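Novice:
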Amino acid sequence: MIYRAAYVLPMNDCVFKNGEVLVRDGIIHEVGEGLSKSHPDEPVVNLGKCALLPGFVNAHSHVEYTSSRNTVDALNLWDWIDAVGFNRNRRPEPETCRLSALLGAAELAMSGVTCVGDSSFTGLSAEALDFVGLRGITYLEVFGQSAGDDYARLFNRVVDKTCEIQAERSVRIKVGISPHSVYTSNRGLLELCAQACEERDIPVSIHLAETQAEIDYCLNGSGFIAEWRRRLGYEPMVAGMKPTVYLHATGLLRPRVCLAHCVWLTSSEIELIAGSGAGVAHCPRSNAYLGVGVAPVVELISAGAQVGLGTDSAGSSMRLDFFEEIRFALGFQRARAEDASVMAAKDALRTATLGGARALGLDDQIGTLESGKRADMVAIDISDVLPAENIWLAVLSRSPSDVRFVYVDGAEVVKDGLLTSLDVNALKTELRGRLGVG
Ligand SMILES: [Zn+2]
Numbered sequence: 001m002i003y004r005a006a007y008v009l010p011m012n013d014c015v016f017k018n019g020e021v022l023v024r025d026g027i028i029h030e031v032g033e034g035l036s037k038s039h040p041d042e043p044v045v046n047l048g049k050c051a052l053l054p055g056f057v058n059a060h061s062h063v064e065y066t067s068s069r070n071t072v073d074a075l076n077l078w079d080w081i082d083a084v085g086f087n088r089n090r091r092p093e094p095e096t097c098r099l100s101a102l103l104g105a106a107e108l109a110m111s112g113v114t115c116v117g118d119s120s121f122t123g124l125s126a127e128a129l130d131f132v133g134l135r136g137i138t139y140l141e142v143f144g145q146s147a148g149d150d151y152a153r154l155f156n157r158v159v160d161k162t163c164e165i166q167a168e169r170s171v172r173i174k175v176g177i178s179p180h181s182v183y184t185s186n187r188g189l190l191e192l193c194a195q196a197c198e199e200r201d202i203p204v205s206i207h208l209a210e211t212q213a214e215i216d217y218c219l220n221g222s223g224f225i226a227e228w229r230r231r232l233g234y235e236p237m238v239a240g241m242k243p244t245v246y247l248h249a250t251g252l253l254r255p256r257v258c259l260a261h262c263v264w265l266t267s268s269e270i271e272l273i274a275g276s277g278a279g280v281a282h283c284p285r286s287n288a289y290l291g292v293g294v295a296p297v298v299e300l301i302s303a304g305a306q307v308g309l310g311t312d313s314a315g316s317s318m319r320l321d322f323f324e325e326i327r328f329a330l331g332f333q334r335a336r337a338e339d340a341s342v343m344a345a346k347d348a349l350r351t352a353t354l355g356g357a358r359a360l361g362l363d364d365q366i367g368t369l370e371s372g373k374r375a376d377m378v379a380i381d382i383s384d385v386l387p388a389e390n391i392w393l394a395v396l397s398r399s400p401s402d403v404r405f406v407y408v409d410g411a412e413v414v415k416d417g418l419l420t421s422l423d424v425n426a427l428k429t430e431l432r433g434r435l436g437v438g
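Heads up, the sequence shown is in this note's numbering, so the first residue is 1 and it goes up one at a time.
1) With H, G and I counted as helix, E and B as strand and the rest as coil, what does DSSP make of Gly123?
2) Identify, in the order they occur along the chain, each residue of the same chain with its Cβ nearer than 7 Å to the Cβ of Leu35, setting aside the five sequence neighbours on each side.
3) Does the pairing of the stretch 45 to 61 with the stretch 400 to 409 give three or more beta-carbon distances under 8 Å?
4) Of the choices Leu396, Lys428, Cys97, Gly372, whose alpha-carbon is the least far from that of Gly410?
5) Taking only the alpha-carbon atoms, compute the straight-line gap between Gly441 and Trp78 and give it to the nearest angstrom.
6) With hydrogens ignored, establish whether the beta-carbon of Ser67 is closer than 7 Å to any heavy atom of ligand 1.
7) Which class does Gly248 belong to by DSSP, given the choice of helix, strand or coil?
8) If we count Cβ pairs, one from each stretch, closer than 8 Å, do we get three or more for the stretch 241 to 259 versus the stretch 182 to 202?
9) Using only the alpha-carbon positions, how far apart do Val204 and Leu252 sit?
10) Roughly how many whole angstroms lie between the Cα atoms of Phe155 and Gly26?
11) Among Ala59, Ala152, Glu42, whose alpha-carbon lies nearest the alpha-carbon of Arg358?
12) On a Cα-Cα basis, can you pick out the residue from Thr71, Glu64, Gly104 that is closest to Pro92?
13) Residue range of the beta strand (DSSP E) that Asp150 falls in?
14) Taking 8 Å as the threshold (C-beta atoms), are Gly356 and Leu309 in contact?
15) For Val307, count neighbouring Cβ atoms within 10 angstroms of its own Cβ and tell me buried if that reaches 16, exposed if not.
16) Which of the three DSSP states is assigned to Asp130 in this structure?
17) So for Asn220, helix, strand or coil by DSSP?
18) Quick one, are the C-beta atoms of Ile177 and Ile137 less than 8 Å apart?
19) Could you check whether Ile326 and Tyr7 sit closer than 8 Å to each other, using their CB atoms as the reference points?
20) Buried or exposed: where does Leu354 fall if 16 or more other Cβ atoms within 10 Å of its Cβ makes it buried?
21) Confirm the yes/no value for this check: CB of Asp312, any heavy atom of ligand 1, distance under 7 Å.
22) Looking at C-alpha atoms only, which residue of Arg157, Ala152, Gly144 is the closest neighbour of Tyr183?
23) When the Cα of Ala274 is compared with those of Leu134, Val298, Thr96, Gly304, which residue comes out closest?
24) Counting C-beta neighbours from all protein chains within 10 Å, is the total for Val238 16 or more, i.e. buried, or is it exposed?
25) Quick check for students: name the residue ranges of the beta strand (DSSP E) that lie wholly in the stretch 350 to 418, counting only runs of 3 or more.
26) Nearer than 7 Å: is that true of the beta carbon of His282 relative to any heavy atom of ligand 1?
27) Could you give the distance in angstroms between the alpha-carbon of Gly279 and the alpha-carbon of Glu127?
28) Ala281 to Ala260, Cα distance in whole Å?
29) To which residues of the same chain is Pro179 closer than 7 Å at the C-beta, ignoring the five residues directly before and after it?
30) Among the residues of its own chain, which have a CB less than 6 Å from the CB of Glu235, if the five just before and after it don't count?
31) What residue range is occupied by the uninterrupted alpha helix (DSSP H) comprising Val84?
32) Determine, using beta carbons only, whether Ser316 and Ser61 come nearer to each other than 8 Å.
33) With DSSP collapsed to three states, give me the class of Ala344.
34) Could you compute how far the alpha carbon of Arg98 sits from the alpha carbon of Leu124?
35) What's the gap between the Cα of Gln212 and the Cα of Asn76?
36) I want to check one thing, is the minimum distance from the CB of Ala106 to the heavy atoms of ligand 1 below 7 Å?
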């Protein structure tokens, strides 16, 4: 099958006007111009006035928290977790989590996302991503401190669960582990995760250096997070070093590990991350709305770190709108640097595609439209773009309503702007019903 579009933007320095992509068995064979002439027998899908790009990669989210959208306002991270996070006494019914995860996966797909790195407390995100037709890694979230000295047993249970969930899912979905953070997981658990990542190739994700309060906690056992944890009955686990340095000491700063946030970093920590092979998921809107700061993304990228973008959950970012995420990333980096030249629209789109693929360790399969990679693509309607517009800005200024087609392995996940797997309005009605809203 040949896909033809007004623009093909493979995100590898090429731009093809009236470009074509030849896909066979879900794999990209050729990208360029005039392929329908050199392959006259190949059927052609004419996408018309669309820009065809690699699908966006959402490197950090929590789709099962979609139903917590707009439930709390103006709370700092620790109070936000307290109000929104699942805990022993306040965990939604599995069916509510399932519908919430499905809605999150559906909204991401309609936003042009083809691959998701999702941290999931219940593991239901794997089923949701799979059902909607996306690719992704579901990281089973674990909070080791609550297990005390019994953390190894907790860890083994989680590893068993990764195997169980993996066995039920398609090859598009990988299951990994996410120790939540250095302030909720004890050192032993972090070391077990590092070992599992290295020896069993289990992908790992962790929230890191999100707030100044996390730095205070890790260094001195003081500050807002330490006070919040104490209120819950947990004594601070003082590392006596910055979170990034501490993570390095546990062995978890390594390839196949995706670090969410990384807002509070010194230049030596930036170098440490860049040299480690770990990925970074930058979540600009979540960081802004939770008042934690703006991550040094330009510095991380210049140091050679693999940086992608993440929406975090709808509970902190409101809309699972990847175009908005990319625009915030670009705007905040220019504002932070007081220099508009630090990130061009093309750079931001590259971070949203290839950057995310690298951050999740999947760039051998996805992230660009190139021969040999999976046919994960998004076709964005640019029919109302005026002739003088810069194509990168034109794409960046679209919204989910302009997403016409989304393909994963060449299969239609979104067709003519609608999901092929489920009826989103019916899903929302069902979820509202479960939450007691008519
Ligand atoms: Zn998160």
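Cβ coordinates follow ideal geometry from the N, Cα and C atoms, glycine included.
All values derive from a computational prediction rather than experimental measurement.
Specialist: Straight from the coordinates:
1) coil
2) Ile2, Glu20, Leu22
3) yes
4) Out of Leu396, Lys428, Cys97, Gly372, Gly372 has the C-alpha closest to the C-alpha of Gly410.
5) No statement about residue 441 is possible, as the shown extent of the chain runs from 1 to 438 and does not include it.
6) no
7) The amino acid at residue 248 is misidentified as Gly; the sequence shows His. Three-state DSSP puts His248 in a helix.
8) yes
9) Val204 and Leu252: Cα-Cα distance of roughly 8 Å.
10) In this structure, the CA atom of Phe155 is about 36 Å from the CA atom of Gly26.
11) Comparing Cα positions, the closest option is Ala59.
12) Glu64
13) No beta strand (DSSP E) holds Asp150; DSSP gives it neither H nor E.
14) yes
15) buried
16) Secondary structure at Asp130: helix, using DSSP grouped into helix, strand and coil.
17) helix
18) no
19) no
20) buried
21) Look at Asp312: its beta carbon is less than 7 Å from one of the heavy atoms in ligand 1.
22) Closest by alpha carbon: Gly144.
23) Gly304
24) exposed
25) Qualifying beta strand (DSSP E) stretches, in chain order: 377 to 381, 403 to 408, 411 to 415.
26) no
27) 24 Å
28) Across the structure, Ala281 and Ala260 are spaced so that their CA atoms are roughly 5 Å apart.
29) Val142, Gly144, Ser185, Leu189, Leu190, Cys193, Ile206
30) none
31) The continuous alpha helix (DSSP H) containing Val84 extends over residues 77 to 84.
32) no
33) coil
34) 6 Å
35) 11 Å
36) No, Cβ of Ala106 sits at least 7 Å from all heavy atoms of ligand 1.
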